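S.K.:
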Amino acid sequence: MDRAHLAGLHGVATSYEPAPGQSVPVPEDTVVAVLAALGVDASTPRAVRDALDAHDRAGRNRLLPPAVVLRGTARPRPPGLPEDTALRVETADGQGLGWDDPLPLGTHLLRARTPDGRAATAPLIVAPDRVPQPPERSHGFLVQLYSLLSARSWGMGDLGDLAELAAWSGRSFGTDFLQVNPLHAAVPGTPERPADPSPYRPSSRRFPDPVHLRVEEITEFGYLTGPGREEALRLLAAAAELNDAVLRRGEPIDHDAVRALKLRALELVRAVPLSPGRRAAYCDFLAEQGQALDDHATWCALAEVHGPDWHGWPGGLRDPRSARTARARGELLDRVDFHCWLAWLTDRQLATAQRAARDAGMRVGLVHDLAVGVHPGGSDAWAQQESLAAGMSVGAPPDAFNSRGQDWGLPPWRPDALRATGYAPYRDLLRGLLRHAGALRIDHVMGLFRLWWVPEGREPGQGTYVRYDAEAMLGVLALEAHRAGAAVIGEDLGTVEPGVREALAERGVLGTSVLWFERDWSRGTRRAAPLPPERWREGCLATATTHDLPSTAARLTGDHVALRHRLGLLRRPLAVEQREDAKSLAEWLALFGRLGLLPEGPGDEEAAVRAVHRFLLRTPARMVGVWLPDALGDRRPQNLPGTWDEYPNWRLPVADAAGRPVSLEELTSSPRLHALMEEVRVLTATPDARGPRGSDTLSA
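When you line the sequence shown up against our numbering, it's residues 627 to 1326, in that order.
1) Considering only C-alpha positions, which residue in the set V806, G722, A684 and R686 is nearest to L1254?
2) Would you check if the distance between the CB atom of R1145 and the CB atom of A1154 is smaller than 8 Å?
3) Classify V998 as buried or exposed, calling it buried when 16 or more other Cβ atoms lie within 10 Å of its own Cβ.
4) In the DSSP assignment, the alpha helix (DSSP H) including G685 goes from what residue to what residue?
5) When DSSP labels each residue in this structure, what does F1075 get in the three-state scheme?
6) At the level of alpha carbons, what is the spacing between V769 and P644?
7) Spatial neighbours of C966 within its chain, please: C-beta separation below 7 Å, excluding the five flanking residues on both sides.
8) Could you tell me the distance, in whole angstroms, from the CA atom of S795 to the CA atom of Q980?
9) According to DSSP, Y599 sits in a beta bridge with which residue or residues?
10) Might you give, ordered along the chain, the residues of its own chain that have their beta carbon closer than 8 Å to the beta carbon of D710, omitting 5 neighbours on each side?
11) Please go through the stretch 936-996 and give each complete beta strand (DSSP E) segment of 3 or more residues, from N-terminal end onward.
12) Going by DSSP, name the residue or residues bridged to T717.
13) For D1006, count neighbouring C-beta atoms within 10 Å of its own C-beta (all shown protein chains included) and say buried if the count is 16 or more, exposed if not.
14) Would you list, in sequence order, the uninterrupted beta strand (DSSP E) runs of no fewer than 3 residues that lie entirely inside the stretch 769-809?
15) Buried or exposed for L859, please, with buried defined as at least 16 other CB atoms from any protein chain shown within 10 angstroms of its CB.
16) Which residues does DSSP pair with D1033 in a beta bridge?
17) Does the Cβ of T1312 have 16 or more other Cβ atoms within 10 Å, making it buried, or fewer, making it exposed?
18) Grab me the residues of F1218's own chain with a C-beta within less than 7 Å of its C-beta, minus the 5 sequence neighbours each way, in chain order.
19) Put W1147 into one of helix, strand or coil per three-state DSSP.
20) For a test of the three-state rule: what should DSSP assign to P828, helix, strand or coil?
21) Quick check: what's the CA-CA separation for R831 versus L1055?
22) Determine, using beta carbons only, whether G1137 comes closer than 8 Å to chain B.
23) Only counting the same chain, and skipping five residues up and downstream in sequence, which positions put a Cβ closer than 7 Å to that of G634?
24) Counting only the same chain and skipping the five closest in sequence on each side, list residues whose C-beta sits under 7 Å from that of S798.
25) Nearest to T699 by alpha carbon, out of P646, R672, A753 and E1272?
26) From the DSSP output, read off the bridge partner residues of C1166.
27) Determine the direct distance from the alpha carbon of P899 to that of G848, and round the result to whole angstroms.
28) Just the Cα atoms here: how many angstroms apart are R904 and Q915?
29) What is the rounded straight-line gap between the Cα of W925 and the Cα of R840?
30) Which value, in whole angstroms, describes the spacing of the CA atoms of G1083 and Q648?
31) Using the beta-carbon count (16 or more within 10 Å), is M598 buried or exposed?
32) Rounded to whole angstroms, what's the CA-CA distance from G1317 to R763? Just pull it up for me.
33) Quickly, what does DSSP pair M1249 with across the bridge? List them, please.
34) When the Cα of A1233 is compared with those of D882, G1251 and M1303, which residue comes out closest?
35) Taking all protein chains shown into account, decide if E1117 is buried (16 or more other Cβ within 10 angstroms of its Cβ) or exposed.
36) Quick one: what does DSSP say P1318 is sitting in, helix, strand or coil?
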């Protein structure tokens, strides 16, 4: 019982409920390991008693909590303060205010002093009640940027392609947003081991990946002369060959080859001196990004010498603050500056893409995606070791879809370390992502409340939940979204703890509703019927699919079941899976028919795709997203969970119904895409479809 009590004090669960009313105990050695990762020894009964005593003493001696987060105009005094304790606030801009004075939104310093002279300080975060809201009704595209190749790409989609898509779709169809995959910096590959192409296991979530740069649009590229220009032309020819391999020969996207080609070209461009104005802008960027950028660029430079996993580096270099690392930074200063410069260029092209979206009339623009964690060997894990739980990995407990549970290989943040820093790493991460965004999608948004921690060496099912201060996490999110004027979308699919969706909705965070999963579970029947459109929640992004799910055409044709059968992924006989899939599809098509959304009748796949989107636009959802491959009839998922080498995950270009890759230029003239998007445009603007378009700007 003492160990369970100690675990509860630190937010570590000793049991969990995979289903309502069903409790599963957590193995004791898991609880001990997780507590150890939080700096708490619970290995013996004596250690548990000592840890409980230490926790009690710390509580008695602490005047203020590690961090204080206030919401809106509420002003509750921190708990446990002696009477007559004086509270003063030093605001971010240097003002001195009393506790009862109106406090500006932002991050400040709280000072407390008792009548007997005891004093303490703590970070104070004053956050708005809600995040800014998107327009009353909007639609847009969802796209994996690497998959969007144009004739100018270098073998994968880039930020120039994104800007072009934004400019075209905003003007042609009145789209209000483009949601992209995480553009986080990846862990580079080696000749022996190719890079993981998944955008959800990055090296750094704080900085974007320069592989997304459109090299020719860098100002200095146009000033290359002599041998540098000659080599640049050879690289352009090699890039065209990479592009043809994907678009013309149907080969998977080769992320490593694209990266190598672009890095060589960027090294040529860097030899061209910056103009005075651009040099000043670059220096401003360096000053603004500070230590975080220096750390990231240092990791990149060290990775070039010692490999991309810092755990295997020479001893002193594993510590970003060691004297040896400082010496190495000096020795590699030119490469460190090179990677800082790449971060600046990428930031500039992201700004250009967002500006192109807004210039095209988009009221939201780019919707960036925040992955749930980072690669354990990457930049963030190296630079933020004190904030991450060593020896732990984020995952998911066993459920009906995965009896073993899941281990995603991502080290989790320590909730105690976040509190101790006033949530500084989290604040900085959000601020960086929101620099050039109209909205932010948060993958596995339930992680703001709790995460499943799996100790190293154990099976995924032998983990446990660790709880975070959701009020603080949501408060910081609301503050940074308010500063950026950006909406927030939470990916809340799958198992969601009771009360989480309600808490998110209260703070204005939109959910994610995928058509095929929206069923009426309220009647308690064994097979829930499709949820009628009027009963969908308003506060959501409504879509037909996601990057991890079959495309709409694949669902309509049953191709997704056949694909999983070919790869040996079905848990039941093929005939059973096909029968169940056909029954589910028939229920949806019957509902479309009853609602008059399929006047073309059965048997027309393209019309059925339009009916799916007519249905989505019949719901009250604030945002409706069109998966870009759906507009062309693409049958292939971008990622097929449960596969690695068996399927080209994260390496497929957008294609048509026959599987033929389609360039951005071809896409813009597709009759099928135009027919779908013209309907979406008209229905979005039709008052009786949902309501009139909202205001021109995001509002809190």
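All C-beta atoms in this analysis are idealised placements derived from N, C-alpha and C, irrespective of residue type, glycine included.
These figures come from a predicted structure and were not determined experimentally.
M.R.: By the coordinates alone:
1) Counting from one through the sequence shown, the residue named residue 1254 turns up at place 628. Ranking V806, G722, A684 and R686 by CA distance to the CA of L1254 puts V806 first.
2) Taking the sequence shown and counting its residues from 1, one reaches residue 1145 at position 519. Taking the sequence shown and counting its residues from 1, one reaches residue 1154 at position 528. In this structure, A1154 lies closer than 8 Å to R1145 by Cβ.
3) Position 372 of the sequence shown holds residue 998. Of the other Cβ atoms in all chains shown, 16 or more fall within 10 Å of the Cβ of V998; this residue is therefore buried.
4) As a first step, residue 685 is located in the sequence shown; it is residue number 59 there, counting from the start. For G685, the enclosing alpha helix (DSSP H) covers residues P671 to N687.
5) For this step, residue 1075 is matched to residue 449 along the sequence shown. In this structure, F1075 counts as coil in the three-state DSSP scheme.
6) Along the sequence shown, read from residue 1 onward, the residue named residue 769 stands at position 143. Along the sequence shown, read from residue 1 onward, the residue named residue 644 stands at position 18. When rounded, the distance between both Cα atoms is 33 Å.
7) For the purposes of this step, residue 966 is identified with residue 340 of the sequence shown, where counting begins at 1. Taken in chain order, the residues that qualify are L912, L919 and A923.
8) As a first step, residue 795 must be located in the sequence shown, where it is residue number 169. As a first step, residue 980 must be located in the sequence shown, where it is residue number 354. Cα atoms of S795 and Q980: separation of roughly 13 Å, rounded to the nearest angstrom.
9) Coverage of the chain is limited to positions 627 through 1326, which leaves residue 599 absent and any answer about it impossible.
10) Taking the sequence shown and counting its residues from 1, the one referred to as residue 710 is at position 84. For D710, same chain residues with a beta-carbon under 8 Å away, outside a window of 5 residues either side, are T740 and P741 in chain order.
11) Qualifying beta strand (DSSP E) stretches, in chain order: 991-996.
12) Stepping through the sequence shown from its first residue, residue 717 is reached at position 91. DSSP output for T717 lists no bridge partner at all.
13) In the sequence shown, counting from the first residue as 1, residue 1006 sits at position 380. Here D1006 is buried: its Cβ has 16 or more other Cβ atoms, across all protein chains shown, within 10 Å.
14) Fully enclosed beta strand (DSSP E) runs of no fewer than 3 residues occupy 803-806 of the stretch 769-809, in order along the chain.
15) Residue 859 sits at position 233 when you count from the first residue of the sequence shown. Residue environment for L859: exposed (fewer than 16 other C-beta atoms within 10 angstroms of its C-beta).
16) Within the sequence shown, residue 1033 is the residue found at index 407, counting from 1. According to DSSP, D1033 shares a beta bridge with G1021.
17) Here residue 1312 refers to the residue found at position 686 of the sequence shown. Classification for T1312: exposed.
18) Walking along the sequence shown from the start, residue 1218 turns up at place 592. Within the same chain, F1218 has close Cβ partners L1224, A1237 and F1241.
19) As a first step, residue 1147 is located in the sequence shown; it is residue number 521 there, counting from the start. Note: W1147 maps to coil in three-state DSSP.
20) Position 202 of the sequence shown, counted from the first residue, corresponds to residue 828. DSSP places P828 in coil when its eight states are reduced to three.
21) Within the sequence shown, numbered from 1, the residue matching residue 831 stands at position 205. Within the sequence shown, numbered from 1, the residue matching residue 1055 stands at position 429. Cα-Cα distance, rounded: 7 Å.
22) Reference to chain B is not applicable here, since this structure consists of a single protein chain.
23) Counting from 1 along the sequence shown, the entry for residue 634 is found at position 8. Excluding residues within five positions, none has a Cβ falling inside 7 Å.
24) On the sequence shown, position 172 is the one that residue 798 refers to. Cβ neighbours of S798 beyond the five flanking positions: none.
25) Walking along the sequence shown from the start, residue 699 turns up at place 73. Among P646, R672, A753 and E1272, the Cα nearest to that of T699 belongs to A753.
26) Start at 1 with the first residue of the sequence shown, and residue 1166 comes out as number 540. Secondary-structure assignment with DSSP links C1166 through a beta bridge to G1137.
27) Along the sequence shown, read from residue 1 onward, the residue named residue 848 stands at position 222. Along the sequence shown, read from residue 1 onward, the residue named residue 899 stands at position 273. C-alpha separation (whole angstroms): 12 Å.
28) Here the question's residue 904 lines up with position 278 in the sequence shown. Here the question's residue 915 lines up with position 289 in the sequence shown. Between R904 and Q915, the C-alpha separation is close to 16 Å.
29) On the sequence shown, residue 925 is found 299 positions in, with the first residue counted as 1. On the sequence shown, residue 840 is found 214 positions in, with the first residue counted as 1. Rounded to the nearest angstrom, the two C-alpha atoms are 24 Å apart.
30) The residue labelled residue 1083 in the question sits at position 457 within the sequence shown. The residue labelled residue 648 in the question sits at position 22 within the sequence shown. Approximately 26 Å between the Cα atoms of the pair.
31) Summary: the structure shown does not reach residue 598, with the chain confined to residues 627 through 1326, and so no result is reported for it.
32) As a working note, residue 1317 is residue 691 in the sequence shown. As a working note, residue 763 is residue 137 in the sequence shown. Since pLDDT at G1317 reaches only 38, below the 50 mark, its modelled position is unreliable, and the value read off the structure follows with that caveat. Going by the C-alpha atoms only, they are around 7 Å apart.
33) Counting from 1 along the sequence shown, the entry for residue 1249 is found at position 623. S764 and L1167.
34) Along the sequence shown, read from residue 1 onward, the residue named residue 1233 stands at position 607. Selection D882, G1251 and M1303 evaluated against A1233 yields M1303 as nearest (Cα-Cα).
35) As a first step, residue 1117 is located in the sequence shown; it is residue number 491 there, counting from the start. So E1117 ends up on the buried side.
36) On the sequence shown, position 692 is the one that residue 1318 refers to. Because P1318 carries a pLDDT of 34, less than 50, the predicted location of this residue cannot be relied on, and no value is offered for it.
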